[in-house]
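Residue numbers (the UniProt record's numbering): 1 to 291. Note that beta-carbon positions come from the ideal geometry of N, C-alpha and C, so glycine has one too.
(1) Do residue 156 and residue 197 have their beta-carbon atoms positioned less than 9 Å apart in this structure?
(2) Enumerate in chain order the residues of its own chain whose CB-to-CB distance from residue 204 is below 8 Å, with the five nearest sequence positions on each side excluded.
(3) Rounded to a whole number of angstroms, what is the C-alpha to C-alpha distance between residue 274 and residue 244?
(4) Distance, Cα to Cα, residue 138 vs residue 185?
(5) Please specify which runs of the alpha helix (DSSP H), each continuous and at least 4 residues long, are wholly inside the segment 164-194, giving them in chain order.
(6) Does the separation of the CB atoms of residue 11 and residue 53 fall below 9 Å?
(7) Give the straight-line distance between the Cα atoms of residue 228 and residue 98, rounded to the nearest whole angstrom.
(8) For the segment 243-258 against the segment 152-170, are there 3 or more C-beta pairs whose distance is under 8 Å?
(9) Using only alpha-carbon positions, find the residue among 64, 42 and 25 that is nearest to residue 34.
(10) According to the neighbour-count rule (16 or more other Cβ atoms, all chains shown, within 10 Å of its Cβ), is residue 66 buried or exposed?
(11) Excluding sequence positions up to five away, which residues of its chain have a Cβ less than 6 Å from the Cβ of residue 20?
(12) Is it true that the segment 198-218 meets the segment 95-110, where meeting means three or more beta-carbon pairs spaced less than 8 Å apart?
(13) Skipping 5 residues on each side, what residues in its chain have a beta carbon closer than 7 Å to that of residue 262?
(14) For residue 106, count neighbouring C-beta atoms within 10 Å of its own C-beta (all shown protein chains included) and say buried if the count is 16 or more, exposed if not.
(15) According to DSSP, is residue 289 part of a helix, a strand, or is it coil?
(16) Where does residue 102 fall in DSSP's three states?
(17) Do you know offhand how far residue 59's Cα is from residue 161's?
(18) Starting from residue 91 and walking both ways along the beta strand (DSSP E), at which residues does that stretch end?
(19) Along the chain, where does the alpha helix (DSSP H) containing residue 74 start, and where does it finish?
(20) For residue 192 versus residue 7, is the C-beta spacing smaller than 9 Å?
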């Protein structure tokens, strides 16, 4: 791992022969290593002639929360753009998982309004996204939920772990389950909750306008890779071939230039549960957009 001048810890792999790169953004409570299995598949492809950047957002992995004491999706997105510029990328594609979906979308929006030259975003890849306005409720450990005030911190931590457990599937490697749960338990829970609040606020206050703008601009193209829908109990439910999730419908109504792919038989982490298929979808989309 390297530390950029902007403060983000990151890992760079792939070819340095051109100024194009793929930025992989993890979700809430996660780390750059969520993409390790996909990276292995992409690196095995002899035709991958671009840089691939994975990173730890503030308060996650090796990047301290002090880098962005008041977390927000906009603040995270700005750091992603700073990192892209710092490593010399002029053209990028962004892939975001879960919370990273918001950061990828916000990075694109910010890139339109920067006074300083920023990398050109050629495409956006969304991995198992959602929007909290489409959910039946918050989680009991969320500050905005009425149940939260009656819970101890230990109870909230247990509920966070339970929520993650339900995002895994039979395909999720045991090592990933254990390391993810250990990582969740070790995080600064005050900061982690502030990150969740900013994510939920983004869904309620900013995402609609961003997607409407993306649909109006018709650029860049979007690939949405969906593996779950949200059930009546607020938990993620694996999808079957041909299903259309609430998020897929919401996204498709607002962004015409979106390709939607359902990855079946796995949980909330398609990049972990089905890395071969996820890597292939990502690489084919990158190749298509660059051609």
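A quick look at the data gives this:
(1) Cβ distance not < 9 Å, so residue 197 and residue 156 don't count as in contact.
(2) So the qualifying residues of the chain are 132 and 133.
(3) Cα to Cα, residue 274 sits roughly 19 Å from residue 244.
(4) Here the C-alpha atom of residue 138 lies approximately 20 Å from the C-alpha atom of residue 185.
(5) For the segment 164-194, whole alpha helix (DSSP H) runs of length 4 or above, ordered along the chain, are 174-186.
(6) Residue 53 sits close to residue 11, with the two beta carbons spaced by under 9 Å.
(7) Their Cα atoms are separated by approximately 11 Å.
(8) Taking 8 Å as the limit for Cβ pairs, the verdict is that the segment 152-170 does not touch the segment 243-258.
(9) 25 is the residue among 64, 42 and 25 whose C-alpha sits nearest the C-alpha of residue 34.
(10) Residue 66 is exposed by the Cβ-count criterion.
(11) So the qualifying residues of the chain are 50 and 91.
(12) Verdict: yes, contact present.
(13) Exclusion of the five residues before and after residue 262 leaves 226, 239, 241 and 243 as the residues of its chain whose Cβ lies within less than 7 Å of its Cβ.
(14) Here residue 106 is buried: its Cβ has 16 or more other Cβ atoms, across all protein chains shown, within 10 Å.
(15) Looking at residue 289 - three-state DSSP - the assignment turns out to be helix.
(16) When DSSP states are grouped into helix, strand and coil, residue 102 belongs to the helix group.
(17) Approximately 17 Å between the Cα atoms of the pair.
(18) Counting along the chain, the beta strand (DSSP E) containing residue 91 begins and ends at 91-97.
(19) For residue 74, the uninterrupted alpha helix (DSSP H) run begins and ends at 73-86, by DSSP.
(20) Cβ distance not < 9 Å, so residue 192 and residue 7 don't count as in contact.
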